[in-house]
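Reading the sequence shown from the start, the letters are residues 1249 to 1399 in our numbering. By construction, the Cβ of each residue, glycine as well, lies at the ideal position given by its N, Cα and C atoms.
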Amino acid sequence: MEKIMLTLDDQVDEATKKMIQKLIEKKIKFDHYKNTHFFILSFFILYCLTLLFLSYTLVIKPNEYSIMNSITELLGTNYLIFLLLLGVLLFGALKFYFEKKEKTETEFHDLRCEIIEKSRDLWDGEHWANRHHVFDQMKNQYDINLYHESK
1249 MEKIMLTLDD QVDEATKKMI QKLIEKKIKF DHYKNTHFFI LSFFILYCLT LLFLSYTLVI
1309 KPNEYSIMNS ITELLGTNYL IFLLLLGVLL FGALKFYFEK KEKTETEFHD LRCEIIEKSR
1369 DLWDGEHWAN RHHVFDQMKN QYDINLYHES K
């Protein structure tokens, strides 16, 4: 984070540096939540497929002629109920991280759009040419597009 701040010393004022630093922090936070959500989603899908396979082979296949026997066997097996509850817990964590990811994405996008809209005020006359260097650094180092408002 300090690397980009060192190269911005003469190009922008303190307020702009703070805004850019906040934008970088929000991008890092958004990437963290996005990666965590993806990991939990992948694990949840793998977990559900494994649980479905176990339930089918251990409970449903031996009792395929009677639905009531299958349900009774499924509810009578303690570890399968525990595994189902663990799946519900994973789903809750997935929902929690999805909401966090959406919130941080909105905050990041709003701040990014604010910087884009105020770019004429932030980079006044003599620094207007240096604006492209800052935007290129942000794009290359942090994958933050400050040229356009679209995601």
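Enclosing alpha helix (DSSP H) for residue i [first to last residue]
i	result
E1262	1262-1303
D1369	1367-1370
For residue i, the three-state DSSP class (helix, strand or coil)
i	result
I1392	coil
K1343	helix
S1242	Given that the chain is displayed from residue 1249 to residue 1399, the structure contains no residue 1242 and the question cannot be resolved.
N1378	coil
E1397	coil
T1325	coil
K1348	helix
K1309	coil
Alpha-carbon spacing of residue i relative to residue j, whole angstroms
i	j	result
K1275	E1397	15 Å
T1264	K1349	25 Å
Y1327	L1299	11 Å
L1394	H1380	9 Å
L1302	A1341	23 Å
H1285	I1268	25 Å
M1386	A1377	15 Å
L1362	N1283	A quick correction: the sequence has Glu, not Leu, at residue 1362. Going from the Cα of E1362 to the Cα of N1283 covers about 25 Å.
Y1295	L1271	36 Å
F1287	D1372	43 Å
V1260	L1338	45 Å
F1291	D1384	36 Å
D1279	I1364	21 Å
I1329	Y1281	30 Å
Using 8 Å as the threshold, is the region 1357-1371 in touch with the region 1297-1312, meaning 3 or more CB pairs across them? Result no; under three Cβ-Cβ pairs closer than 8 Å.
Three or more C-beta pairs closer than 8 Å, one from the region 1343-1352 and one from the region 1314-1321: is that the case here? By the Cβ rule, the region 1343-1352 does not count as touching the region 1314-1321, because fewer than three pairs are nearer than 8 Å.
Does the region 1271-1285 touch the region 1351-1358, meaning 3 or more C-beta pairs lie closer than 8 Å? Yes, they touch.
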